[in-house]
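One structure is given here, and the rest of the page talks about it.
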Amino acid sequence: MKPASKLILLASLMSAMGGSVAVAKVFGFACTPVGSGTYDFRPMKTGPGQPGQWVVIEDPEAYGGRAIVQRSEDPTDGRFPILALTETAPADVSVSTRIKPVSGRVDQAGGLVVRLRDDGNYYVVRANALEGNVRFYKVTGGKREQLGGADLPVTANAWHDLRLDARGDRFTVSFDGRELFTTVDAAMAAPGKVGFWTKADSVTRFDALDVRPLP
């Protein structure tokens with residue numbers, strides 16, 4: 389293969405893989421047309437049920453006046469729509485966003501995923517307005533295992549700050565500016581995707597995603 393052809397092939401592969409986050413970045417929706425999806429992310433789903441419906445909407449309280457919402461109300465148990473960043477993040481990374489649980493009869497949840505390899509293997513932290521708690525899970529082979537949590541009010545129809553710091557085998561969860569807990573797990577140590585997560589019939593809004601590699 390000629391050198392030029394090799395370069396073209398490499399560029400194509402990097403484009404398909406989505407590249408990687410090497411420096412701190414904020415992925416917002418201010419320049420994305422209302423009513424559309426976003427090229428920076430791709431939808432995924434763990435479990436049965438319908439795919440998620442991710443749409444950019446106007447929200448004057450969001451970064452740049454626009455947020456993205458998962459608006460499907462499919463109540464299927466064990467259904468977890470995901471919106472994953474196309475770029476790969478380092479294993480040691482801090483991710484944060486603001487979530488607004490809007491509605492849901494079964495759940496009103498929103499969360500963040502890190503070290504996502506595929507739709508059945510990742511870590512996730514989520515806040516649930518119906519249950520009044522924040523939980524951290526390991527998902528392997530599509531099955532969730534709770535690793536940590538805290539009970540506290542999560543107000544519906546209000547914005548909340550959610551942050552997850554992953555460093556080695558330690559995961560620290562913060563909510564509304566307060567550190568809640570740190571848990572340890574070494575099952576998945578490789579770099580992976582990061583992004584947004586919901587559950588069942590949760591209609592949840594997400595603000596910009598802040599991704600910061602950790603030294």
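In our numbering, the protein residues as written are 389 to 603.
Even for Gly, the Cβ is constructed at its ideal location relative to N, Cα and C.
Residues near residue i by beta carbon distance below 8 Å, same chain, minus five either side
i, result
"residue 493", "463 and 589"
"residue 521", "515, 537, 538, 539, 540 and 542"
"residue 433", "439, 440, 467, 468, 469, 470 and 507"
"residue 501", "470, 472, 510, 511, 512, 581, 582, 583, 584 and 585"
"residue 408", "475, 476, 477, 478 and 579"
Distance, residue j Cα to residue i Cα
i, j, result
"residue 458", "residue 565", "24 Å"
"residue 603", "residue 474", "22 Å"
"residue 575", "residue 453", "38 Å"
"residue 483", "residue 412", "10 Å"
"residue 490", "residue 563", "18 Å"
"residue 444", "residue 558", "33 Å"
"residue 582", "residue 546", "23 Å"
"residue 455", "residue 544", "16 Å"
"residue 461", "residue 513", "21 Å"
"residue 504", "residue 431", "13 Å"
"residue 584", "residue 476", "14 Å"
"residue 499", "residue 567", "16 Å"
"residue 437", "residue 426", "22 Å"
"residue 420", "residue 533", "35 Å"
"residue 600", "residue 481", "6 Å"
"residue 556", "residue 592", "30 Å"
"residue 569", "residue 449", "28 Å"
Of the listed residues the options, nearest to residue i (C-alpha basis)
i, options, result
"residue 418", "585, 567, 447 and 471", "447"
"residue 523", "483, 478, 555 and 571", "571"
"residue 594", "472, 408, 439 and 434", "472"
"residue 548", "561, 420, 414 and 487", "487"
"residue 518", "580, 427, 586 and 496", "496"
"residue 551", "509, 479, 586 and 485", "485"
"residue 631", "528, 479 and 451", "Given a span of 389 to 603 for the chain in the structure shown, any question on residue 631 remains unanswerable."
Proximal residues to residue i (C-beta, below 7 Å), its chain only, five neighbours per side dropped
i, result
"residue 465", "588"
"residue 429", "471, 472, 473, 474 and 583"
"residue 442", "425, 431, 456, 458 and 471"
Contacting residues, own chain, Cβ-Cβ under 6 Å from residue i (five flanking each side not counted)
i, result
"residue 535", "524, 526, 571 and 573"
"residue 403", "Note on residue 403: pLDDT 36, under 50, position unreliable in the model; no value is reported."
"residue 414", "596 and 598"
"residue 435", "466, 467 and 468"
"residue 528", "509"
"residue 451", "416, 595 and 596"
Host beta strand (DSSP E) of residue i (start-end)
i, result
"residue 458", "454–458"
"residue 562", "558–563"
"residue 539", "531–539"
"residue 408", "Segment: none, residue 408 is in no beta strand (DSSP E) and carries neither H nor E."
"residue 469", "468–473"
"residue 588", "First-last for residue 588: undefined, no H or E at that position."
"residue 503", "497–506"
"residue 424", "Element bounds for residue 424: n/a, residue is neither H nor E."
Residue i classed as buried or exposed, judged by whether at least 16 other C-beta atoms fall within 10 angstroms
i, result
"residue 531", "exposed"
"residue 422", "exposed"
"residue 410", "exposed"
"residue 511", "buried"
"residue 577", "exposed"
"residue 416", "buried"
"residue 580", "buried"
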